[in-house]
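As structure tokens, the structure follows; a few thoughts come after it.
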Amino acid sequence: MDFSQLPSILTPDVGLLFWMMLAFLVVFGILAKYGFPAITNMVDERNKYIDESLRKAHEAQERLANIEREADAILQDAREKQAQLLKEATETRDAIVGKAQEKAREEGARLLSEAKAEIEAEKQNAIRGIRAQVAELSVQVAEKVLRQNLSSDANQMSLIDRLLDEVSVGKNVN
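Residue numbers (numbering that gives the first Met the number 0): 0 to 173.
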């Protein structure tokens, strides 16, 4: 290949190459002295910022996990308290129902005994009334019978003797 035919930009002269190399070294030196430290500082700061952000994100994630555990613990406590309250409410309800049933039984028994006592009193009153009526009717019947039978003095005396005999025989038997 013949390099002489190529344009000069592709085949630079030694002088051009020298000046280009000198300019490159000057620019590289300035960059090495002022630019690269600034760039590396910015990269280091960015690296520290990213590391700090990752650390904070990790801490936030740990806090979130702790908060979730606390929330779960709080929910579990709330569920346990709810179950306890429901159990206590059920026990209270059962106690109240039991007391009400016992009270109803006692009231029923009291009403039943009062009704029996009232029925017995009414029965005794009725028996007394019937006895009084029977006694009154017996007296009236006896009065009518005696009026007919005791119309004469002889009949009266024989009836008195017979009754006295019956009374004295009744006392001896008892």
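In this text, a Cβ means the ideal position worked out from N, Cα and C, and glycines have one as well.
- For leucine 16, the uninterrupted alpha helix (DSSP H) segment begins and ends at 13 to 29.
- Straight across, the Cα-Cα distance linking valine 96 with lysine 86 is about 15 Å.
- The beta carbon of glutamate 67 lies closer than 6 Å to none in the same chain, with the five residues before and after it left out.
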